[in-house]
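Undergrad: The structure follows.
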Amino acid sequence: MDSKLESGSSTANIYIPEEWSEAADSIAYDSVTSPPPIAFICGAKNSGKTTFSRLLLNILLQRYQKVAYLDADVGQPEFTAPGFLSLTVVDKLTADLAIPCLKTPERCFFFGDISSKRDPSAYLKYAFTLYDYYRKEYCTFDESELAGRTELPLVVNTPGWVKGIGYEILVDMLKYISPTHVVKINISVGSKNLPGGAFWLDGDSDGMVNIIEIKSACQDSLNRSVLVQKDARLLRDLRIMAYFRQIFPNDKPITTIKELAYALTSHFPYEVPISSIKIRHLHCQVPSTEIFYSLNATIVGLAVSSEESESLPWCVGLEHSGEGQSFAAGVYSNSYLLVAGQGMQITLCIFKCSAYKLTG
177 MDSKLESGSS TANIYIPEEW SEAADSIAYD SVTSPPPIAF ICGAKNSGKT TFSRLLLNIL
237 LQRYQKVAYL DADVGQPEFT APGFLSLTVV DKLTADLAIP CLKTPERCFF FGDISSKRDP
297 SAYLKYAFTL YDYYRKEYCT FDESELAGRT ELPLVVNTPG WVKGIGYEIL VDMLKYISPT
357 HVVKINISVG SKNLPGGAFW LDGDSDGMVN IIEIKSACQD SLNRSVLVQK DARLLRDLRI
417 MAYFRQIFPN DKPITTIKEL AYALTSHFPY EVPISSIKIR HLHCQVPSTE IFYSLNATIV
477 GLAVSSEESE SLPWCVGLEH SGEGQSFAAG VYSNSYLLVA GQGMQITLCI FKCSAYKLTG
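Using our numbering, the letters of the sequence shown correspond one by one to residues 177 to 536.
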């Protein structure tokens, strides 16, 4: 069945090749896929993984009422602020493939960095836990549970780190998730691409997975890939701005980092006694004498202690509970922590991220 998106079309200056549309159609309308497909999107940096994932989401939503989206790209996530791994259930088409939008995730974890290299073990643990949740809630049901419950397809978006440790992380994820479809987006520089075939499997046991290899969308006159160079820092700043912008009225004019900073400093903060919380720096160690300085005017994750797993704490968001949201924090007189937020509960742990700050 053909999708409603025209092959070779362009949406808001984003060109969608016919090859991409055919690949997305083959996943969404694969007649032998039961339960629904699990599509794993991978490829080199700036090859178009996020754009293809958005396209695939839209086409899947033409067949299914809802689609699950596991975002493992902590540097430039689709629906959250940077530094998160998340599972989001999407029920509406994306009108403009060029514009990302924030959504409330079903589950998410605050990794606190823009690259998995900071802590590959924790990164994989979070990714596996999100996938386990998807399997439990939206994929594997007993006969007694089938009534009123719908199995959902899953799209897994990954970062573009495909060499060295990044490659090993990708292999571990593929082995654990065992997707029905693996989409590899290749660029013309062969040395930067992933190996051919089911590279993550041992031997010839690739009969149960559909491997789809496509080229990046942009090619020059010699059919060489033209990678879309993105200002990663600017994109992260814009996403963080959008996240914190949610606590202010829609009519409040906030269009720059400076305006956001002024708005946050004028926002009435919550005070939490330092003695009532635990402070943990992610991916690094800080001397006890420097803790207060390291927290001041930074972005932190606020967590509630978890009885189930000490390494996977519950965190609170702007207006909902999930497993990971972030706040702006400051320290006053070394005795109280001031947090800009709304509708939050007192928490027991602070997780200090280490790799992104607002610029400008």
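Using N, Cα and C, we set each Cβ at its ideal position, and we do this for glycine too.
1. Hey, would you say isoleucine 423 sits closer than 7 angstroms to serine 392, going by beta carbons?
2. Could you give the C-beta distance for leucine 246 and leucine 263, rounded to a whole number, given that I count them as a contact under 8 angstroms?
3. Which residues share a DSSP beta bridge with lysine 391?
4. Short of 8 angstroms in beta carbon distance, which residues of its chain neighbour arginine 421, apart from the five on each side in sequence? Order them along the chain.
5. Determine whether the beta carbon atoms of valine 338 and leucine 370 lie at a separation below 7 angstroms.
6. With H, G and I counted as helix, E and B as strand and the rest as coil, what does DSSP make of tyrosine 205?
7. Take every Cβ of the region 284-300, pair it with every Cβ of the region 243-260, and state whether three or more of those distances are shorter than 8 angstroms.
8. Could you spell out where the alpha helix (DSSP H) holding threonine 256 opens and where it closes?
9. Are the CB atoms of lysine 242 and leucine 328 within a distance shorter than 7 angstroms?
10. In terms of residues, what are the limits of the alpha helix (DSSP H) holding tyrosine 245?
11. Specify the secondary structure class of threonine 227 as computed by DSSP and reduced to three states.
12. Cβ of alanine 200 within 7 angstroms of Cβ of leucine 231?
13. Return helix, strand or coil for valine 331, following the three-state DSSP convention.
14. Given a cut-off of 7 angstroms, decide if valine 359 and isoleucine 341 are closer than it, judged by their beta-carbon atoms.
TA: On the basis of the supplied data:
1. no
2. 5 angstroms
3. Asn362
4. Ile430, Leu436
5. yes
6. coil
7. yes
8. It is not in any alpha helix (DSSP H) - threonine 256 carries neither H nor E in the DSSP assignment.
9. yes
10. No alpha helix (DSSP H) contains tyrosine 245, which is instead part of the beta strand (DSSP E) from 243-247.
11. helix
12. yes
13. strand
14. no
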